[in-house]
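A.B. asks: Numbering (numbering that gives the first Met the number 0), first residue to last: 0 to 641.
Cβ coordinates follow ideal geometry from the N, Cα and C atoms, glycine included.
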Amino acid sequence: MRNPHAGEPFDTTDEEIAAALLDVSIPTLLLSLVHMSGDPEIIRGRLRPAGLFLNEVQGYMTEEDKDEARALALEVIRDYRDRGCPEPEPVSAELLQEMMTWLVCEDVPAEYVPLLMEEMELDGRDARRVEPAGDPDDRAAFPVVVIGCGQSGLLAGIRLSEAGIPFTIVEKNAGVGGTWWENSYPGARVDVGNHFYCYSFEPSDHWTEYYAQQPELQRYFQGVMDKHGIEPHVRWETEVLGAAWDDASSTWSVRTRAADGTEDVLVARAVISAVGQLNRPNLPVIEGADTFVGPSFHSARWDHDVDLAGKQVAMIGAGASGFQIAPTIAPEVGHLTVFQRTAQWMFPNPNYHATVGPGVLWALRHLPFYGRWYRFLIFWPGCDKGLEAARVDPDYPDQHRAVSETNEFTRQMFTDWILSQVADDPELAAKVVPDYPATGKRTLQDNGAWLSALMRDNVELVRTGIDHIEADAVVTVDGERYPADVLVYATGFRATEVLAPLGITGRDGVDLRTLWGERPAAYLGITVPGFPNFFMMYGPGTNLAHGGSLIFHSECQMRYITECIESLIVGGHRTMEPLQERCDDWHQRSQAEMAGLVWSQPSITSSFFKNSAGEIHILSPWRLVDYWTWTKEPDPADFVFG
Ligand code: NAP
Numbered sequence: 000m001r002n003p004h005a006g007e008p009f010d011t012t013d014e015e016i017a018a019a020l021l022d023v024s025i026p027t028l029l030l031s032l033v034h035m036s037g038d039p040e041i042i043r044g045r046l047r048p049a050g051l052f053l054n055e056v057q058g059y060m061t062e063e064d065k066d067e068a069r070a071l072a073l074e075v076i077r078d079y080r081d082r083g084c085p086e087p088e089p090v091s092a093e094l095l096q097e098m099m100t101w102l103v104c105e106d107v108p109a110e111y112v113p114l115l116m117e118e119m120e121l122d123g124r125d126a127r128r129v130e131p132a133g134d135p136d137d138r139a140a141f142p143v144v145v146i147g148c149g150q151s152g153l154l155a156g157i158r159l160s161e162a163g164i165p166f167t168i169v170e171k172n173a174g175v176g177g178t179w180w181e182n183s184y185p186g187a188r189v190d191v192g193n194h195f196y197c198y199s200f201e202p203s204d205h206w207t208e209y210y211a212q213q214p215e216l217q218r219y220f221q222g223v224m225d226k227h228g229i230e231p232h233v234r235w236e237t238e239v240l241g242a243a244w245d246d247a248s249s250t251w252s253v254r255t256r257a258a259d260g261t262e263d264v265l266v267a268r269a270v271i272s273a274v275g276q277l278n279r280p281n282l283p284v285i286e287g288a289d290t291f292v293g294p295s296f297h298s299a300r301w302d303h304d305v306d307l308a309g310k311q312v313a314m315i316g317a318g319a320s321g322f323q324i325a326p327t328i329a330p331e332v333g334h335l336t337v338f339q340r341t342a343q344w345m346f347p348n349p350n351y352h353a354t355v356g357p358g359v360l361w362a363l364r365h366l367p368f369y370g371r372w373y374r375f376l377i378f379w380p381g382c383d384k385g386l387e388a389a390r391v392d393p394d395y396p397d398q399h400r401a402v403s404e405t406n407e408f409t410r411q412m413f414t415d416w417i418l419s420q421v422a423d424d425p426e427l428a429a430k431v432v433p434d435y436p437a438t439g440k441r442t443l444q445d446n447g448a449w450l451s452a453l454m455r456d457n458v459e460l461v462r463t464g465i466d467h468i469e470a471d472a473v474v475t476v477d478g479e480r481y482p483a484d485v486l487v488y489a490t491g492f493r494a495t496e497v498l499a500p501l502g503i504t505g506r507d508g509v510d511l512r513t514l515w516g517e518r519p520a521a522y523l524g525i526t527v528p529g530f531p532n533f534f535m536m537y538g539p540g541t542n543l544a545h546g547g548s549l550i551f552h553s554e555c556q557m558r559y560i561t562e563c564i565e566s567l568i569v570g571g572h573r574t575m576e577p578l579q580e581r582c583d584d585w586h587q588r589s590q591a592e593m594a595g596l597v598w599s600q601p602s603i604t605s606s607f608f609k610n611s612a613g614e615i616h617i618l619s620p621w622r623l624v625d626y627w628t629w630t631k632e633p634d635p636a637d638f639v640f641g
């Protein structure tokens, strides 16, 4: 069978090929030529990228060099086509490392190469898939319940299905996607490049935008679900109320309630929570909010029946969601008032709203490994570099402004980007430059849409605190009254309340969220002592603020979880749970690490990463390569088996 990443054979004309090459990433193209021709000398000459930075996919090559590369490419591609587009010969490991280093203009350390090889799947093999072993009857007797059918729950279903393990996914919504089902607000789009933000084993040659909008993302997950036959295993519109462990039978009883109120109990040998961290809206308590007479709703519960045309809209909150909503609705509404408590750091990304041109779509579909190298190209700048940049230098003066020299440099760069857009509006400029260290909260991708929306005549940014809400207005603490017909809460999620509102009861009737209090902890973010055969995806300590993507983390977690379940089945064990000391040690080390990172900076007071004590238990302070290594396979010495 042809390697799925070797591209579909084609008979495209020379003229069409030449036209397609006008669109593509030239450094990525040159690597594809190496595969097509088998000639590594293509990348050993003068034509090469000059540097790499976030969102720069042309390697800063000059127009002359790009033209020369296109002319060379036309020759190589024509020859490849005329030879019938044969599947390229495999490339040696040494050459692959050379190609990686060449593309990103820096040494790619050896410890990253196996991770990247897996991510890119150049051999066409899905190395994160766990093959079934042992007696099929033992597998059939090991039912698993997965809670949630977002990106991680769907992945869990795919991996369990491949491993021949019976499973049921219980999903509170009526369809697949989780975040990408619920967040249908105007302008909702992903801010991790889609050619990386998709499963490593599901090709990425179809995205119509570099940062797809919610409907396309939801369709992607629907398509993957259909392809892998997962839907028959899902109970839609059914909420998990809780799950209780029974020692005598070594099973979990998972209580569910369907949309019609019918309650049921599913008995499982293992439970996988895939509920995410951002699905319970945070609705602020503001005096008088219940007296507002017009429509009011949270960004994740957008009321599409409300026509905003010509209306006076008040939007409270301007984080990642509000940042996308305002530019999208501003042209339509009569007036928009944005209440922003804290300004956001943002960095330039001209591709943020860009569509993927036909030439790139052609290259992704037909040129061998073009899509795989492009995936690597956009993954690499966010692979652990953000973590190093987030490290606090304790000797750096004025930590309220910046936590290190690198952080000060970032601050300057981001500030220049912001001020360059509002040069003519000093009043707005004074409101939109954040007063805390750069990257200290979630940093946003920006193509200028946010500030140009704020500069519109029908938009006002208010930085004064809200005092109360009246029937038809929001009133700030200075007594100013802002009339409103519609109220939008873009106020984020209760992310620190991990697993809320689920009641998960482990050994001896211990309730997991009571045990945690405000300090949720799990070994590798996945398992908890006293909660046998209970596994979490996107659990505590695994959210990412420094780069990568949650899909990458989910793939790491699900391989680990599948292997845990394998070790239970094949080893004939009834239970497994992590050693208490392993979990405690992990949590302590994570906390120590987190304390030295910018997100913990005490001057950042309002951050959804922090609990009421200012501690961060939901984010990962670890390098992607470390988490990948630690989750590659479970170490039996970390567990107690029963
Ligand atoms: P968020 O980043 O937590 O932002 C919430 C906003 O509401 C902030 O501006 C916050 O102000 C404000 N707020 C909260 N409580 C308030 C109160 N009582 N009074 C006034 N303002 C209040 O939430 P989000 O925008 O929904 O985004 C959450 C996360 O979802 C993101 O970090 C990201 O991980 C994800 N997300 C991603 C995308 C994407 O991929 N493009 C899009 C949307 C969301 P303060 O800043 O002062 O707290």
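CB M575 to CB F640, shorter than 7 Å?
C.D. replies: Their beta carbons are under 7 Å apart, which means M575 touches F640 by this criterion.
A.B. asks: From K310 to D484, what does the alpha carbon distance come to, in whole angstroms?
C.D. replies: So the alpha carbons of these two residues sit roughly 6 Å apart.
A.B. asks: For P131, collect the residues of the same chain with a Cβ closer than 6 Å to its Cβ; drop the 5 residues on either side in sequence, then sort them by chain order.
C.D. replies: Within the same chain, P131 has close Cβ partners A162, G163.
A.B. asks: With DSSP as the reference, identify every bridge partner of T237, one or two as the case may be.
C.D. replies: In the DSSP output, where bridge partners are listed per residue, T237 has A257.
A.B. asks: Tell me whether Q587 is buried or exposed, calling it buried when 16 or more other Cβ atoms sit within 10 Å of its Cβ.
C.D. replies: Looking at its Cβ environment, which holds fewer than 16 other Cβ atoms inside 10 Å, Q587 is exposed.
A.B. asks: By DSSP, does R588 sit in helix, in strand, or in coil?
C.D. replies: Three-state DSSP puts R588 in a helix.
A.B. asks: Can you grab the Cα-Cα spacing for the pair T354 / D510, in whole Å?
C.D. replies: For T354 and D510, the distance between alpha carbons rounds to 48 Å.
A.B. asks: Determine the closest residue to S589 out of S606, V597, L618, with distance taken between C-alpha atoms.
C.D. replies: Ranking S606, V597, L618 by Cα distance to S589 puts L618 first.
A.B. asks: Using 10 angstroms around the beta-carbon of R622, count the other beta-carbons present and answer buried if the total reaches 16, otherwise exposed.
C.D. replies: Per the 10 Å Cβ criterion, buried.
A.B. asks: Identify which residue in Q276, V266, A448 has its Cα closest to the Cα of P165.
C.D. replies: Of the listed residues, the one whose Cα sits closest to P165 is V266.
A.B. asks: For V103, which residues of its own chain have a beta-carbon under 6 Å away from its beta-carbon, when the five flanking residues on both sides are left out?
C.D. replies: So the qualifying residues of the chain are L51, W379.
A.B. asks: With DSSP collapsed to three states, give me the class of R128.
C.D. replies: The answer is coil: DSSP assigns R128 none of H, G, I, E or B.
A.B. asks: Is it the case that the CB of L277 approaches a heavy atom of the ligand NAP more closely than 6 Å?
C.D. replies: Yes - the ligand NAP has a heavy atom lying nearer than 6 Å to the Cβ of L277.
A.B. asks: If contacts are defined as beta-carbon pairs under 8 Å, then G176 and L216 qualify, I think. What distance do you get, rounded to the angstrom?
C.D. replies: Going by Cβ atoms, the distance from G176 to L216 rounds to 7 Å, so yes, they are a contact pair.
A.B. asks: Going by Cα to Cα distance, which pick from N193, Y537, H194 is closest to L498?
C.D. replies: For L498, the nearest C-alpha among the options comes from Y537.
A.B. asks: Checking the sheet assignment: what are the DSSP bridge partners for A267?
C.D. replies: Its beta-bridge partners are W251.
A.B. asks: Less than 6 Å separating the Cβ of T336 from some heavy atom of the ligand NAP?
C.D. replies: Because no heavy atom of the ligand NAP lies under 6 Å away, the Cβ of T336 does not count as near it: no.
A.B. asks: Under 7 Å between the Cβ atoms of V223 and E201?
C.D. replies: Yes, the Cβ-Cβ distance between V223 and E201 is below 7 Å.
A.B. asks: Looking at C-alpha atoms only, which residue of E496, L376, V461, S403 is the closest neighbour of E387?
C.D. replies: Of the candidates E496, L376, V461, S403, the one whose C-alpha sits nearest the C-alpha of E387 is S403.
A.B. asks: For the putative contact between I503 and A242, defined by C-beta atoms under 8 Å, what is the C-beta separation to the nearest angstrom?
C.D. replies: Contact holds; Cβ gap of about 5 Å.
A.B. asks: Per DSSP, which residues does T336 bridge with? Please list them.
C.D. replies: Answer is A313, E459, bridged to T336.
A.B. asks: On the DSSP bridge list, what partners appear for A242?
C.D. replies: Paired residues: V253, I503.
A.B. asks: Please name the residue or residues paired with F640 in a DSSP beta bridge.
C.D. replies: Note: F640 sits in a beta bridge opposite M575.
A.B. asks: Under the criterion of a Cβ to heavy atom distance below 6 Å, does S36 qualify as lining the ligand NAP?
C.D. replies: No, the beta carbon of S36 sits no closer than 6 Å to any heavy atom of the ligand NAP.
A.B. asks: Can you determine whether any heavy atom of the ligand NAP sits closer than 6 Å to the C-beta of S320, and answer yes or no?
C.D. replies: For the ligand NAP, at least one heavy atom lies less than 6 Å from the Cβ of S320.
A.B. asks: Can you tell me whether M536 is helix, strand or coil according to DSSP?
C.D. replies: M536 falls in the coil class under three-state DSSP.
A.B. asks: Any heavy atom of the ligand NAP within a distance shorter than 6 Å of the CB on S611?
C.D. replies: Result no, Cβ not under 6 Å from the ligand NAP.
A.B. asks: Exposed or buried, F408, counting other C-beta atoms within 10 Å across all chains shown (16 or more means buried)?
C.D. replies: Burial call: exposed.
A.B. asks: For the alpha helix (DSSP H) that contains R69, what are its first and last residues?
C.D. replies: Residues 62–81.
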